[in-house]
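> Numbered per the working numbering, the sequence shown finishes at 1128, counting up by one with no gaps.
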Amino acid sequence: MEKVPMTAEGYRALDDQLKQLKSVERPSVIAAIAEAREHGDLSENAEYHAAKERQGWIEGSIAEIEDKLSRAQVIDVSKLSGDQVKFGATVTFVDEDTEEEGVYQIVGEHEADVKLGKISIASPIARALISKEVGDVVEVNTPGGVKAYEILKVEWK
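#1: Is residue 1092 helix, strand or coil when you go by DSSP?
#2: With 16 as the cutoff for other CB atoms within 10 Å, does residue 1082 come out buried or exposed?
#3: Count the C-beta pairs between the stretch 1103-1112 and the stretch 1086-1093 that are closer than 8 Å, then say yes if the count reaches three, no if not.
#4: Can you tell me whether DSSP reads residue 973 as helix, strand or coil?
#5: Using three-state DSSP, classify residue 1116 as helix, strand or coil.
#6: Could you tell me the alpha carbon to alpha carbon distance between residue 1061 and residue 986, rounded to whole angstroms?
#7: Got a sec: is the Cβ-Cβ distance from residue 972 to anything in chain D below 7 Å?
#8: Please name the residue in 975, 1029 and 1009 whose C-alpha comes closest to that of residue 998.
#9: What does the alpha-carbon distance come out to for the pair residue 1124 and residue 1115?
#10: Answer with buried or exposed for residue 1076, where buried requires no fewer than 16 other C-beta atoms within 10 angstroms of its C-beta.
#11: Between residue 1111 and residue 1122, how many whole angstroms is the CB-CB distance? I'm expecting something under 8 Å.
#12: Could you tell me how far apart the beta carbons of residue 1000 and residue 1025 are, in whole angstroms, since I believe they sit closer than 8 Å?
#13: Residue 1045 and residue 1059 look like a contact to me (Cβ under 8 Å); what is the Cβ gap, rounded to whole Å?
#14: Of the choices 1127, 1040 and 1034, whose alpha-carbon is the least far from that of residue 983?
#15: Would you mind reading off the limits of the alpha helix (DSSP H) that contains residue 981?
#16: So the alpha helix (DSSP H) residue 1027 belongs to, where does it begin and stop?
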């Protein structure tokens, strides 16, 4: 069984999402199905079909989250250190062509959110940064061509 790396923050977020689905969403959809059943003929009851579809989505989400949590390899980033880029590192780098700086934390796939400055360990840029150090230049294949980035800082937050 393949482990799923994630930060402690990412684990808590998934666990909270699971609790929400089980304690709020699931009972809500069960009540909606019961109410729709009271309306009579189920074959032409759009409310019933929508509620059943929503129930299927909720149950699928619960199963998926439970699977991820059971395979979680929680990595406490606050206990990591060093100059080398690894999972959990917050990396500051500069695009050598545009001089634009970027700051991203390397996190698990389900935690990734570029708007929040978090990129997936499986992303091309994260894969290029792993094992590199401050001062190293990495090349990343992007849809717009090859980009070169110089690592300016590696932090553990």
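Built from N, CA and C at the ideal position, the CB exists for glycine as well.
These figures come from a predicted structure and were not determined experimentally.
Straight from the coordinates:
#1: Counting from 1 along the sequence shown, the entry for residue 1092 is found at position 121. In this structure, residue 1092 counts as coil in the three-state DSSP scheme.
#2: By 1-based counting over the sequence shown, the position of residue 1082 is 111. Its Cβ being crowded by 16 or more others within 10 Å, residue 1082 is buried.
#3: no
#4: Numbered from 1 along the sequence shown, position 2 holds the residue referred to as residue 973. Residue state, collapsed to three classes: coil.
#5: Within the sequence shown, numbered from 1, the residue matching residue 1116 stands at position 145. Residue 1116: strand per DSSP, three-state reduction.
#6: Position 90 of the sequence shown, counting from 1, holds the residue named residue 1061. Position 15 of the sequence shown, counting from 1, holds the residue named residue 986. Going from the Cα of residue 1061 to the Cα of residue 986 covers about 24 Å.
#7: Chain labels in this structure do not include chain D; a single protein chain is all it has.
#8: Within the sequence shown, numbered from 1, the residue matching residue 998 stands at position 27. The shortest C-alpha separation from residue 998 is found at 1029.
#9: Taking the first residue of the sequence shown as 1, we reach residue 1124 at position 153. Taking the first residue of the sequence shown as 1, we reach residue 1115 at position 144. One C-alpha to the other measures close to 25 Å.
#10: Taking the first residue of the sequence shown as 1, we reach residue 1076 at position 105. Under this definition residue 1076 is a buried residue.
#11: Position 140 of the sequence shown, counting from 1, holds the residue named residue 1111. Position 151 of the sequence shown, counting from 1, holds the residue named residue 1122. Rounded, the Cβ-Cβ distance is 12 Å, inconsistent with contact.
#12: In the sequence shown, the residue the question calls residue 1000 occupies position 29. In the sequence shown, the residue the question calls residue 1025 occupies position 54. Residue 1000 to residue 1025, Cβ: 5 Å. Contact.
#13: Translated into the one-based positions of the sequence shown, residue 1045 becomes position 74. Translated into the one-based positions of the sequence shown, residue 1059 becomes position 88. About 11 Å separates the two Cβ atoms, so there is no contact after all.
#14: Residue mapping note: residue 983 aligns to position 12 of the sequence shown, counting from 1. The option with the nearest alpha carbon to residue 983 is 1040.
#15: What you label residue 981 is simply residue 10 of the sequence shown in a count that begins at 1. Where residue 981 is concerned, the enclosing alpha helix (DSSP H) stretches over 979-991.
#16: The residue labelled residue 1027 in the question sits at position 56 within the sequence shown. That run of the alpha helix (DSSP H) goes 1017-1041.
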